[in-house]
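Asks:
Numbering (this note's numbering), first residue to last: 58 to 512.
Below, the structure is given as C-alpha coordinates:
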(Lines of atoms letter the chains of each structure in order from A; the text may use other names.)
(Lines give C-alpha, C1' and ligand atoms only; values in the text may rest on other atoms or scores of the structure.)
Protein backbone atom coordinates (compact mmCIF):
# COMPACT_ATOMS: atom_id res chain seq x y z
CA UNK A 58 0.00 0.00 0.00
CA UNK A 59 1.64 3.35 -1.07
CA UNK A 60 0.23 5.32 1.89
CA UNK A 61 -1.81 4.67 5.00
CA UNK A 62 -3.20 6.57 7.96
CA UNK A 63 -0.79 7.18 10.82
CA UNK A 64 -3.15 5.48 13.27
CA UNK A 65 -2.88 2.31 11.19
CA UNK A 66 0.91 2.49 11.42
CA UNK A 67 0.64 2.76 15.23
CA UNK A 68 -1.75 -0.17 15.50
CA UNK A 69 0.24 -2.28 13.05
CA UNK A 70 3.50 -1.52 14.84
CA UNK A 71 2.09 -2.51 18.21
CA UNK A 72 0.49 -5.74 16.93
CA UNK A 73 3.63 -6.81 15.07
CA UNK A 74 5.74 -6.08 18.14
CA UNK A 75 3.55 -8.29 20.31
CA UNK A 76 2.57 -11.04 17.87
CA UNK A 77 4.85 -10.72 14.84
CA UNK A 78 6.73 -13.89 15.83
CA UNK A 79 3.54 -15.91 15.27
CA UNK A 80 3.54 -15.15 11.52
CA UNK A 81 7.30 -15.06 10.95
CA UNK A 82 7.23 -18.37 9.06
CA UNK A 83 4.45 -17.27 6.68
CA UNK A 84 5.37 -16.25 3.11
CA UNK A 85 6.05 -12.51 2.92
CA UNK A 86 6.11 -12.16 6.72
CA UNK A 87 9.73 -12.95 7.57
CA UNK A 88 11.36 -10.76 10.26
CA UNK A 89 13.26 -8.65 7.74
CA UNK A 90 10.10 -8.15 5.64
CA UNK A 91 8.14 -7.03 8.71
CA UNK A 92 10.91 -4.56 9.50
CA UNK A 93 10.98 -3.21 5.94
CA UNK A 94 7.19 -2.77 5.94
CA UNK A 95 7.24 -0.61 9.08
CA UNK A 96 10.35 1.31 8.10
CA UNK A 97 8.84 2.27 4.74
CA UNK A 98 5.99 4.05 6.58
CA UNK A 99 7.94 5.50 9.52
CA UNK A 100 9.47 8.39 7.52
CA UNK A 101 6.04 10.01 7.09
CA UNK A 102 4.91 9.76 10.72
CA UNK A 103 5.15 11.97 13.80
CA UNK A 104 7.87 11.57 16.47
CA UNK A 105 5.34 9.92 18.82
CA UNK A 106 4.66 7.18 16.26
CA UNK A 107 8.36 6.68 15.60
CA UNK A 108 8.92 6.29 19.35
CA UNK A 109 6.29 3.53 19.41
CA UNK A 110 8.01 1.82 16.47
CA UNK A 111 11.32 1.89 18.33
CA UNK A 112 9.63 -0.03 21.15
CA UNK A 113 8.46 -2.55 18.55
CA UNK A 114 12.03 -2.91 17.28
CA UNK A 115 13.46 -3.65 20.74
CA UNK A 116 10.84 -6.41 21.16
CA UNK A 117 11.94 -7.84 17.82
CA UNK A 118 15.57 -7.82 18.95
CA UNK A 119 14.53 -10.29 21.65
CA UNK A 120 12.67 -12.75 19.37
CA UNK A 121 14.38 -12.15 15.97
CA UNK A 122 18.16 -12.33 16.57
CA UNK A 123 18.68 -12.69 12.80
CA UNK A 124 17.82 -8.98 12.25
CA UNK A 125 19.66 -7.71 15.33
CA UNK A 126 22.30 -5.86 13.31
CA UNK A 127 19.67 -4.03 11.22
CA UNK A 128 17.86 -2.98 14.41
CA UNK A 129 21.10 -1.75 15.97
CA UNK A 130 21.67 0.39 12.88
CA UNK A 131 18.23 2.00 13.29
CA UNK A 132 18.79 2.67 17.00
CA UNK A 133 22.20 4.18 16.21
CA UNK A 134 20.72 6.63 13.68
CA UNK A 135 18.00 7.77 16.08
CA UNK A 136 20.57 8.45 18.83
CA UNK A 137 21.46 11.68 17.04
CA UNK A 138 18.00 13.12 16.22
CA UNK A 139 16.81 16.43 17.71
CA UNK A 140 13.66 15.05 19.36
CA UNK A 141 14.58 14.32 23.00
CA UNK A 142 12.07 11.46 23.44
CA UNK A 143 13.28 9.65 20.32
CA UNK A 144 16.91 10.24 21.25
CA UNK A 145 16.48 8.91 24.80
CA UNK A 146 14.64 5.78 23.66
CA UNK A 147 17.17 5.08 20.94
CA UNK A 148 20.12 5.43 23.34
CA UNK A 149 18.54 3.15 25.94
CA UNK A 150 17.47 0.51 23.42
CA UNK A 151 20.86 0.60 21.69
CA UNK A 152 22.69 -0.15 24.95
CA UNK A 153 20.29 -2.98 25.87
CA UNK A 154 20.43 -4.68 22.46
CA UNK A 155 24.24 -4.28 22.25
CA UNK A 156 24.80 -6.46 25.32
CA UNK A 157 26.20 -10.01 24.85
CA UNK A 158 23.89 -12.77 23.60
CA UNK A 159 24.02 -14.64 26.91
CA UNK A 160 22.89 -11.55 28.86
CA UNK A 161 19.34 -11.82 30.23
CA UNK A 162 18.61 -8.08 30.50
CA UNK A 163 16.89 -7.86 27.11
CA UNK A 164 14.63 -10.81 27.88
CA UNK A 165 13.75 -9.39 31.31
CA UNK A 166 12.89 -6.02 29.77
CA UNK A 167 10.60 -7.70 27.23
CA UNK A 168 8.90 -10.05 29.72
CA UNK A 169 5.11 -9.97 29.85
CA UNK A 170 3.67 -7.90 32.70
CA UNK A 171 2.16 -10.08 35.46
CA UNK A 172 -1.64 -9.89 35.80
CA UNK A 173 -2.97 -7.42 38.32
CA UNK A 174 -4.52 -9.10 41.37
CA UNK A 175 -8.31 -9.15 41.29
CA UNK A 176 -9.79 -6.57 43.67
CA UNK A 177 -13.28 -6.74 45.09
CA UNK A 178 -15.27 -3.93 46.67
CA UNK A 179 -15.53 -4.39 50.45
CA UNK A 180 -19.13 -3.11 50.33
CA UNK A 181 -20.16 -5.61 47.64
CA UNK A 182 -18.45 -8.39 49.57
CA UNK A 183 -20.49 -7.63 52.71
CA UNK A 184 -23.72 -7.43 50.67
CA UNK A 185 -23.02 -10.79 49.05
CA UNK A 186 -22.39 -12.38 52.44
CA UNK A 187 -25.61 -10.92 53.86
CA UNK A 188 -27.93 -11.66 50.94
CA UNK A 189 -26.15 -14.58 49.29
CA UNK A 190 -28.86 -17.11 50.19
CA UNK A 191 -31.92 -15.00 49.26
CA UNK A 192 -31.81 -15.50 45.49
CA UNK A 193 -32.86 -18.54 43.49
CA UNK A 194 -29.60 -20.23 42.55
CA UNK A 195 -31.31 -22.00 39.65
CA UNK A 196 -31.42 -18.64 37.88
CA UNK A 197 -27.68 -18.84 37.30
CA UNK A 198 -27.74 -22.22 35.57
CA UNK A 199 -26.75 -21.92 31.91
CA UNK A 200 -29.83 -20.88 29.91
CA UNK A 201 -31.87 -19.23 32.69
CA UNK A 202 -35.03 -20.43 34.42
CA UNK A 203 -37.28 -20.67 31.35
CA UNK A 204 -34.86 -22.58 29.16
CA UNK A 205 -34.04 -25.02 31.93
CA UNK A 206 -37.73 -25.49 32.78
CA UNK A 207 -38.35 -26.54 29.16
CA UNK A 208 -35.31 -28.81 29.31
CA UNK A 209 -36.57 -30.45 32.52
CA UNK A 210 -40.03 -31.04 31.01
CA UNK A 211 -38.48 -32.68 27.97
CA UNK A 212 -36.35 -34.88 30.22
CA UNK A 213 -39.42 -36.04 32.19
CA UNK A 214 -41.25 -36.87 28.97
CA UNK A 215 -38.26 -38.86 27.75
CA UNK A 216 -38.01 -40.85 30.97
CA UNK A 217 -41.77 -41.65 31.09
CA UNK A 218 -42.31 -45.43 31.01
CA UNK A 219 -46.03 -45.22 30.16
CA UNK A 220 -47.57 -44.84 26.72
CA UNK A 221 -48.96 -46.88 23.90
CA UNK A 222 -47.03 -49.94 22.67
CA UNK A 223 -47.83 -48.80 19.14
CA UNK A 224 -45.91 -45.59 19.73
CA UNK A 225 -42.92 -47.66 20.83
CA UNK A 226 -43.12 -49.79 17.70
CA UNK A 227 -43.40 -46.69 15.55
CA UNK A 228 -40.35 -45.22 17.27
CA UNK A 229 -38.34 -48.39 16.60
CA UNK A 230 -39.53 -48.35 13.00
CA UNK A 231 -38.42 -44.73 12.63
CA UNK A 232 -34.98 -45.54 14.00
CA UNK A 233 -34.54 -48.52 11.66
CA UNK A 234 -35.74 -46.55 8.66
CA UNK A 235 -33.23 -43.83 9.41
CA UNK A 236 -30.47 -46.47 9.18
CA UNK A 237 -31.62 -47.60 5.74
CA UNK A 238 -28.90 -47.37 3.10
CA UNK A 239 -25.99 -47.69 5.53
CA UNK A 240 -23.44 -50.40 4.75
CA UNK A 241 -23.27 -51.98 8.21
CA UNK A 242 -20.97 -54.75 6.95
CA UNK A 243 -18.34 -52.40 5.60
CA UNK A 244 -14.80 -53.05 6.84
CA UNK A 245 -13.75 -49.41 6.35
CA UNK A 246 -12.65 -47.76 9.56
CA UNK A 247 -13.12 -44.07 10.15
CA UNK A 248 -9.69 -42.65 10.80
CA UNK A 249 -9.51 -40.44 13.87
CA UNK A 250 -8.31 -36.89 13.49
CA UNK A 251 -4.59 -36.62 14.09
CA UNK A 252 -3.83 -34.22 16.94
CA UNK A 253 -1.72 -31.35 15.59
CA UNK A 254 1.72 -30.85 17.09
CA UNK A 255 1.60 -27.90 19.52
CA UNK A 256 3.65 -24.83 18.59
CA UNK A 257 6.72 -24.70 20.80
CA UNK A 258 7.39 -21.77 23.11
CA UNK A 259 10.80 -20.48 22.05
CA UNK A 260 13.37 -17.89 23.08
CA UNK A 261 17.18 -17.78 23.24
CA UNK A 262 17.10 -18.55 26.97
CA UNK A 263 14.75 -21.51 26.52
CA UNK A 264 17.08 -22.94 23.88
CA UNK A 265 20.11 -22.45 26.14
CA UNK A 266 18.38 -24.02 29.16
CA UNK A 267 17.25 -27.01 27.09
CA UNK A 268 20.69 -27.61 25.58
CA UNK A 269 22.25 -27.49 29.04
CA UNK A 270 19.72 -29.98 30.43
CA UNK A 271 20.43 -32.46 27.63
CA UNK A 272 23.85 -32.96 29.25
CA UNK A 273 23.04 -32.22 32.91
CA UNK A 274 20.76 -34.03 35.40
CA UNK A 275 19.09 -30.90 36.77
CA UNK A 276 18.47 -27.23 36.06
CA UNK A 277 15.94 -24.66 34.87
CA UNK A 278 13.75 -25.57 31.89
CA UNK A 279 11.66 -22.37 31.71
CA UNK A 280 11.22 -19.11 33.62
CA UNK A 281 9.28 -15.88 33.23
CA UNK A 282 7.73 -13.34 35.61
CA UNK A 283 4.93 -15.75 36.52
CA UNK A 284 6.25 -19.30 36.40
CA UNK A 285 9.47 -21.22 36.84
CA UNK A 286 9.82 -24.84 35.72
CA UNK A 287 12.75 -26.85 37.03
CA UNK A 288 13.92 -30.37 36.15
CA UNK A 289 15.77 -33.02 38.14
CA UNK A 290 16.36 -36.45 36.60
CA UNK A 291 18.04 -39.81 37.11
CA UNK A 292 18.36 -42.75 34.74
CA UNK A 293 19.25 -46.41 35.24
CA UNK A 294 19.42 -48.59 32.14
CA UNK A 295 16.29 -48.15 30.02
CA UNK A 296 14.30 -46.57 32.88
CA UNK A 297 14.31 -43.03 34.20
CA UNK A 298 12.60 -40.71 36.64
CA UNK A 299 12.15 -36.99 35.93
CA UNK A 300 10.93 -34.60 38.62
CA UNK A 301 9.26 -31.40 37.39
CA UNK A 302 9.01 -28.38 39.69
CA UNK A 303 6.37 -25.75 38.90
CA UNK A 304 7.03 -22.58 40.90
CA UNK A 305 4.33 -19.88 41.13
CA UNK A 306 6.12 -16.52 41.37
CA UNK A 307 2.88 -14.51 41.59
CA UNK A 308 1.11 -13.19 44.68
CA UNK A 309 -2.09 -14.90 43.51
CA UNK A 310 -2.90 -18.55 42.87
CA UNK A 311 -2.63 -20.21 39.46
CA UNK A 312 -5.92 -21.98 38.79
CA UNK A 313 -7.03 -24.51 36.16
CA UNK A 314 -3.42 -25.71 36.11
CA UNK A 315 -2.82 -28.61 33.73
CA UNK A 316 0.36 -30.38 32.65
CA UNK A 317 0.40 -33.06 29.94
CA UNK A 318 3.10 -34.76 27.87
CA UNK A 319 2.88 -35.41 24.11
CA UNK A 320 5.04 -38.25 22.75
CA UNK A 321 5.82 -38.50 19.05
CA UNK A 322 6.49 -42.27 18.96
CA UNK A 323 4.72 -44.08 21.80
CA UNK A 324 6.08 -47.42 20.57
CA UNK A 325 9.63 -46.20 21.23
CA UNK A 326 9.24 -44.04 24.35
CA UNK A 327 6.91 -44.10 27.35
CA UNK A 328 6.44 -41.06 29.62
CA UNK A 329 3.71 -40.93 32.27
CA UNK A 330 2.88 -38.93 35.38
CA UNK A 331 3.12 -40.80 38.68
CA UNK A 332 -0.09 -39.06 39.77
CA UNK A 333 -2.55 -36.50 38.41
CA UNK A 334 -1.10 -32.97 38.78
CA UNK A 335 -3.03 -30.58 41.08
CA UNK A 336 -5.21 -27.98 39.38
CA UNK A 337 -4.10 -25.13 41.65
CA UNK A 338 -0.63 -23.81 42.47
CA UNK A 339 -0.75 -21.46 45.45
CA UNK A 340 1.12 -18.13 45.39
CA UNK A 341 4.85 -18.20 46.12
CA UNK A 342 4.81 -22.00 46.34
CA UNK A 343 6.09 -24.91 44.27
CA UNK A 344 4.33 -28.00 42.96
CA UNK A 345 6.35 -31.14 42.22
CA UNK A 346 5.36 -33.84 39.73
CA UNK A 347 7.19 -37.08 38.95
CA UNK A 348 7.45 -38.63 35.49
CA UNK A 349 8.22 -42.31 34.87
CA UNK A 350 10.22 -42.78 31.66
CA UNK A 351 11.02 -45.93 29.66
CA UNK A 352 13.08 -46.19 26.48
CA UNK A 353 11.71 -49.06 24.39
CA UNK A 354 13.57 -48.49 21.13
CA UNK A 355 15.35 -45.83 19.08
CA UNK A 356 13.62 -42.40 19.00
CA UNK A 357 14.64 -39.00 17.63
CA UNK A 358 12.14 -36.39 18.87
CA UNK A 359 11.90 -35.47 22.56
CA UNK A 360 8.47 -35.42 24.25
CA UNK A 361 6.62 -32.10 24.56
CA UNK A 362 5.45 -30.73 27.92
CA UNK A 363 2.19 -28.77 27.62
CA UNK A 364 1.42 -26.44 30.55
CA UNK A 365 -1.64 -24.19 30.82
CA UNK A 366 -3.09 -22.19 33.69
CA UNK A 367 -5.23 -19.18 34.55
CA UNK A 368 -3.47 -16.12 35.98
CA UNK A 369 -5.60 -13.17 34.98
CA UNK A 370 -5.89 -14.76 31.54
CA UNK A 371 -5.22 -18.18 30.04
CA UNK A 372 -1.51 -18.90 29.70
CA UNK A 373 -0.15 -21.75 27.59
CA UNK A 374 3.43 -23.01 27.36
CA UNK A 375 4.78 -25.85 25.18
CA UNK A 376 8.33 -27.00 25.90
CA UNK A 377 10.64 -29.80 24.83
CA UNK A 378 11.51 -32.08 27.71
CA UNK A 379 15.23 -32.94 27.90
CA UNK A 380 14.49 -36.65 27.49
CA UNK A 381 16.70 -37.70 24.59
CA UNK A 382 18.41 -40.89 23.48
CA UNK A 383 21.71 -40.13 25.23
CA UNK A 384 19.99 -40.18 28.64
CA UNK A 385 19.76 -43.98 28.36
CA UNK A 386 23.48 -44.50 27.74
CA UNK A 387 25.73 -46.10 30.32
CA UNK A 388 29.48 -45.72 30.09
CA UNK A 389 31.63 -48.85 29.93
CA UNK A 390 35.33 -49.18 30.79
CA UNK A 391 37.52 -50.89 28.21
CA UNK A 392 41.22 -51.65 28.06
CA UNK A 393 43.29 -50.40 25.12
CA UNK A 394 43.40 -53.74 23.30
CA UNK A 395 39.72 -54.37 23.94
CA UNK A 396 38.70 -50.93 22.67
CA UNK A 397 40.57 -51.13 19.35
CA UNK A 398 39.51 -54.75 18.85
CA UNK A 399 35.86 -53.70 19.03
CA UNK A 400 36.63 -50.58 17.00
CA UNK A 401 37.91 -52.73 14.12
CA UNK A 402 35.13 -55.28 14.58
CA UNK A 403 32.38 -52.68 14.10
CA UNK A 404 34.19 -51.45 10.99
CA UNK A 405 33.47 -48.44 8.81
CA UNK A 406 30.31 -47.21 7.07
CA UNK A 407 27.39 -47.69 7.37
CA UNK A 408 28.00 -48.37 11.08
CA UNK A 409 30.43 -45.46 11.21
CA UNK A 410 29.56 -41.76 11.11
CA UNK A 411 32.39 -39.25 10.70
CA UNK A 412 32.54 -35.46 10.51
CA UNK A 413 35.21 -32.74 10.40
CA UNK A 414 34.30 -29.32 11.79
CA UNK A 415 35.87 -26.24 13.46
CA UNK A 416 36.26 -26.27 17.24
CA UNK A 417 36.67 -23.66 19.95
CA UNK A 418 40.18 -22.93 21.22
CA UNK A 419 41.45 -21.02 24.24
CA UNK A 420 42.83 -17.50 24.00
CA UNK A 421 46.38 -18.91 23.90
CA UNK A 422 45.48 -21.17 20.97
CA UNK A 423 45.34 -24.38 22.99
CA UNK A 424 42.49 -26.87 22.71
CA UNK A 425 39.51 -26.77 25.07
CA UNK A 426 40.12 -30.37 26.12
CA UNK A 427 38.23 -30.16 29.39
CA UNK A 428 35.17 -28.72 27.66
CA UNK A 429 35.23 -31.52 25.10
CA UNK A 430 35.46 -34.14 27.85
CA UNK A 431 32.58 -32.50 29.71
CA UNK A 432 30.38 -32.75 26.61
CA UNK A 433 31.27 -36.42 26.10
CA UNK A 434 30.58 -37.27 29.74
CA UNK A 435 27.30 -35.36 29.51
CA UNK A 436 25.95 -37.70 26.82
CA UNK A 437 26.54 -40.75 29.00
CA UNK A 438 29.76 -42.13 27.53
CA UNK A 439 32.77 -43.22 29.59
CA UNK A 440 35.99 -41.39 28.71
CA UNK A 441 38.86 -43.88 28.42
CA UNK A 442 42.21 -42.39 29.42
CA UNK A 443 45.57 -43.59 28.08
CA UNK A 444 43.92 -45.54 25.26
CA UNK A 445 44.81 -43.55 22.13
CA UNK A 446 48.51 -43.33 21.16
CA UNK A 447 48.00 -39.58 20.61
CA UNK A 448 47.40 -38.03 24.07
CA UNK A 449 45.42 -35.15 22.52
CA UNK A 450 42.78 -37.51 21.18
CA UNK A 451 39.75 -38.49 23.25
CA UNK A 452 38.13 -41.92 23.12
CA UNK A 453 34.97 -43.04 24.89
CA UNK A 454 32.58 -45.99 25.01
CA UNK A 455 29.04 -46.67 26.16
CA UNK A 456 26.00 -48.91 25.84
CA UNK A 457 22.49 -47.74 24.95
CA UNK A 458 19.78 -49.54 26.94
CA UNK A 459 16.36 -50.18 25.33
CA UNK A 460 13.71 -52.48 26.79
CA UNK A 461 12.38 -53.73 23.43
CA UNK A 462 15.32 -53.31 21.05
CA UNK A 463 17.94 -54.49 23.54
CA UNK A 464 21.42 -53.02 24.03
CA UNK A 465 23.51 -51.22 21.42
CA UNK A 466 27.22 -50.48 21.82
CA UNK A 467 28.79 -47.15 20.85
CA UNK A 468 32.45 -46.16 20.45
CA UNK A 469 33.73 -42.62 19.94
CA UNK A 470 36.99 -40.98 18.94
CA UNK A 471 37.78 -37.25 18.82
CA UNK A 472 40.93 -36.12 16.97
CA UNK A 473 41.40 -32.34 17.40
CA UNK A 474 44.00 -30.24 15.58
CA UNK A 475 44.92 -27.05 17.44
CA UNK A 476 46.89 -25.53 14.55
CA UNK A 477 44.03 -25.91 12.06
CA UNK A 478 41.33 -25.32 14.72
CA UNK A 479 39.56 -28.38 13.34
CA UNK A 480 38.33 -31.62 14.82
CA UNK A 481 37.50 -35.03 13.36
CA UNK A 482 34.74 -36.83 15.22
CA UNK A 483 34.16 -40.52 14.53
CA UNK A 484 31.31 -42.54 16.01
CA UNK A 485 30.99 -46.28 15.49
CA UNK A 486 28.03 -48.33 16.65
CA UNK A 487 26.54 -51.75 16.08
CA UNK A 488 23.51 -49.84 14.73
CA UNK A 489 23.99 -47.51 11.77
CA UNK A 490 20.98 -45.42 12.83
CA UNK A 491 22.43 -44.95 16.31
CA UNK A 492 25.81 -43.96 14.86
CA UNK A 493 24.39 -41.08 12.80
CA UNK A 494 22.08 -39.94 15.60
CA UNK A 495 24.91 -39.87 18.15
CA UNK A 496 27.08 -37.97 15.69
CA UNK A 497 24.49 -35.18 15.45
CA UNK A 498 23.98 -34.98 19.22
CA UNK A 499 27.69 -34.86 20.08
CA UNK A 500 28.80 -32.56 17.27
CA UNK A 501 26.23 -29.82 18.03
CA UNK A 502 27.82 -28.51 21.28
CA UNK A 503 31.38 -28.94 19.97
CA UNK A 504 31.01 -27.30 16.55
CA UNK A 505 32.34 -23.72 16.66
CA UNK A 506 30.45 -22.86 13.47
CA UNK A 507 27.07 -23.84 14.91
CA UNK A 508 26.72 -26.61 12.32
CA UNK A 509 26.92 -24.20 9.36
CA UNK A 510 30.19 -25.66 8.09
CA UNK A 511 31.98 -28.95 8.27
CA UNK A 512 32.19 -32.16 6.32
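Built from N, CA and C at the ideal position, the CB exists for glycine as well.
1. Taking C-beta to C-beta, are residue 102 and residue 66 nearer than 7 angstroms?
2. First and last residue of the beta strand (DSSP E) that includes residue 289?
3. In the structure shown, what three-state DSSP assignment does residue 355 receive?
4. Taking the straight line between their C-alpha atoms, what separation do you get for residue 499 and residue 340?
5. Measure the Cβ-Cβ separation of residue 379 and residue 432 and say whether it is below 7 angstroms.
6. Taking residue 274 as the reference, which of 283, 284, 293, 257 has the closest Cα?
7. To which residues of the same chain is residue 400 closer than 6 angstroms at the C-beta, ignoring the five residues directly before and after it?
8. Are there three or more Cβ pairs, one per stretch, closer than 8 angstroms when the stretch 257-270 is compared with the stretch 331-348?
9. Have a look at residue 438 and residue 491 and give me their C-alpha separation to the nearest angstrom.
10. I'd like to check one pair, residue 403 with residue 478: are the Cβ atoms closer than 7 angstroms?
11. Sort out for me which residues DSSP pairs residue 367 with in a bridge.
12. Buried or exposed: which applies to residue 464, given that a residue is buried once 16 or more other Cβ atoms fall within 10 Å of its Cβ?
13. Put residue 413 into one of helix, strand or coil per three-state DSSP.
14. Give me the Cβ distance between residue 382 and residue 356, rounded to the nearest whole Å; I'm assuming they're in contact under 8 angstroms.
15. Taking the CB atoms as reference points, tell me whether residue 118 and residue 142 lie closer together than 7 angstroms.
16. Going by alpha carbons, who is nearest to residue 325 out of 358, 430, 312?
17. Please classify residue 218: is it buried, with 16 or more other beta-carbons within 10 angstroms of its beta-carbon, or exposed?
18. On a Cα-Cα basis, can you pick out the residue from 288, 422, 100 that is closest to residue 298?
19. What number of angstroms, rounded off, separates the C-alpha of residue 336 from the C-alpha of residue 267?
20. Report yes or no: do three or more beta-carbon pairs, one from the stretch 317-324 and one from the stretch 276-285, lie closer than 8 angstroms?
21. According to DSSP, is residue 380 helix, strand or coil?
22. From this set, 301, 369, 313, 373, which residue's C-alpha is nearest residue 51's C-alpha?
23. What are the start and end residues of each continuous alpha helix (DSSP H) run of 4 or more residues lying completely inside the stretch 401-456, in chain order?
24. Can you give the Cα-Cα distance for residue 87 and residue 505, rounded to whole angstroms?
25. By the three-class DSSP mapping on this structure, what secondary structure does residue 319 have?
26. Looking at residue 377 and residue 489, is the spacing between their C-beta atoms short of 7 angstroms?
27. Roughly how many angstroms lie between the CA atoms of residue 277 and residue 80, to the nearest whole one?
Replies: Let me spell this out:
1. Within the chain shown, numbered from 1, the residue matching residue 102 stands at position 45. Within the chain shown, numbered from 1, the residue matching residue 66 stands at position 9. Contact: yes.
2. Within the chain shown, the letter at position 232 stands for residue 289. Residues 284-293.
3. Taking the first residue of the chain shown as position 1, residue 355 is located at position 298. Three-state result, residue 355: coil.
4. As a position in the chain shown, residue 499 is number 442, starting the count at 1. As a position in the chain shown, residue 340 is number 283, starting the count at 1. Rounded to the nearest angstrom, the two C-alpha atoms are 40 angstroms apart.
5. Residue 379 sits at position 322 when you count from the first residue of the chain shown. Residue 432 sits at position 375 when you count from the first residue of the chain shown. No, the Cβ-Cβ distance between residue 379 and residue 432 is not below 7 angstroms.
6. Looking up residue 274 in the chain shown gives position 217. Comparing Cα-Cα distances from residue 274 to each of 283, 284, 293, 257, the minimum goes to 293.
7. Within the chain shown, residue 400 is the residue found at index 343, counting from 1. Taken in chain order, the residues that qualify are 468.
8. Cβ pair count under 8 angstroms is below three, so no.
9. Sequence index remark: in the chain shown, residue 438 carries index 381 (1-based). Sequence index remark: in the chain shown, residue 491 carries index 434 (1-based). Distance between the alpha carbons of residue 438 and residue 491: 14 angstroms.
10. Locating residue 478 in the chain shown gives position 421, where the first residue counts as 1. Locating residue 403 in the chain shown gives position 346, where the first residue counts as 1. Against a cut-off of 7 angstroms, the Cβ pair of residue 403 and residue 478 comes out as no contact.
11. As a position in the chain shown, residue 367 is number 310, starting the count at 1. Looking at the DSSP assignment, residue 367 forms a beta bridge with 312, 371.
12. If you number the chain shown from 1, residue 464 lands on position 407. Residue 464 comes out exposed.
13. The residue given as residue 413 occupies position 356 in the chain shown. If DSSP states are grouped into helix, strand and coil, residue 413 belongs with the strands.
14. By one-based count along the chain shown, residue 382 stands at place 325. By one-based count along the chain shown, residue 356 stands at place 299. In this structure residue 382 touches residue 356 by the C-beta definition: roughly 7 angstroms separates them, less than 8 angstroms.
15. Sequence index remark: in the chain shown, residue 118 carries index 61 (1-based). Sequence index remark: in the chain shown, residue 142 carries index 85 (1-based). Contact: no.
16. Counting from 1 along the chain shown, the entry for residue 325 is found at position 268. The shortest C-alpha separation from residue 325 is found at 358.
17. In the chain shown, the residue the question calls residue 218 occupies position 161. With a pLDDT of 47 at residue 218, under the threshold of 50, the predicted position of this residue should be treated as unreliable, and no value is reported.
18. Indexing the chain shown from 1 puts residue 298 at position 241. Selected option, being the one with the closest Cα: 288.
19. Indexing the chain shown from 1 puts residue 336 at position 279. Indexing the chain shown from 1 puts residue 267 at position 210. Distance between the alpha carbons of residue 336 and residue 267: 26 angstroms.
20. no
21. Your numbering for residue 380 matches position 323 in the chain shown. Coil at residue 380, not helix or strand.
22. Residue 51 cannot be examined here, being either before or after the span of the chain that is shown, 58 to 512.
23. You should have 426-435.
24. Along the chain shown, one-based indexing puts residue 87 at 30. Along the chain shown, one-based indexing puts residue 505 at 448. Distance between the alpha carbons of residue 87 and residue 505 is about 27 angstroms.
25. To locate residue 319, count along the chain shown from 1; it is residue 262. If DSSP states are grouped into helix, strand and coil, residue 319 belongs with the strands.
26. Against the chain shown, residue 489 aligns to sequence position 432. Against the chain shown, residue 377 aligns to sequence position 320. It is not a contact, given that the beta carbons lie outside the stated cut-off.
27. Working through the chain shown from its first residue, we reach residue 277 at position 220. Working through the chain shown from its first residue, we reach residue 80 at position 23. Their Cα atoms are separated by approximately 28 angstroms.
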